[in-house]
Structures are given as C-alpha cells and as structure tokens.
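Below: the structure, in structure tokens.
Residue numbers (the numbering used here): 688 to 774.
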C-alpha cells in the first residue's frame, strides 16, 4: 500500500516539475515585472501599483475594455444561439 502511494507520487513528479517551470515561475516573474518600471536595458525600479493606476486612467484602455466586453457578450450569445438551433 505504501509502495503504491510512493509510485503514484513518483509518476506525478514530472508533471509537477513542468507546471512549476512553465506556469508558476513565469506567472510569478510577470507579477514582479508588472510592479516595476523597466525598459529592458537598465535596472528595474520598483514602483508598486503605479503601472496599474496608469493604465486604468488611460482612455484607450477603457475603450478597448468596453469593446472587448461587447465582443465577448455578442460572441457568447451568438455561439449559444447557434448551438441551440443546431441541437
């Protein structure tokens, strides 16, 4: 019984390593970089939530967010209606 548990965990290790390497580490790095002011060449400067406050106040972002929400609503409605008609 104990040997089966150990072998089950042994088979999960490669998948867990892949999730950590290709999902969790890049996601964490993205969060850290999003909290800095960095041009890719010089040293990053920590600015906290300043980037988020800046893009929330941007009119282009607000317009694109509205357009995206409208697109999602119409796309979902159309796909559900077509699916119901076909079924």
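Virtual Cβ for every residue (Gly too), placed ideally from N, Cα, C. Here the structure is a predicted model, which means the values were calculated and not measured.
Q | Same chain only: Cβ atoms within 8 Å of residue 742, ignoring 5 sequence neighbours per side | A | Correct list, in chain order: 748.
Q) Taking just the CA atoms, how far does residue 719 sit from residue 753? A) So the two alpha carbons sit approximately 27 Å from each other.
(Q) Using 8 Å as the threshold, is the C-beta distance between residue 723 and residue 733 below it? (A) One thing to note: residue 723 has its Cβ within 8 Å of the Cβ of residue 733.
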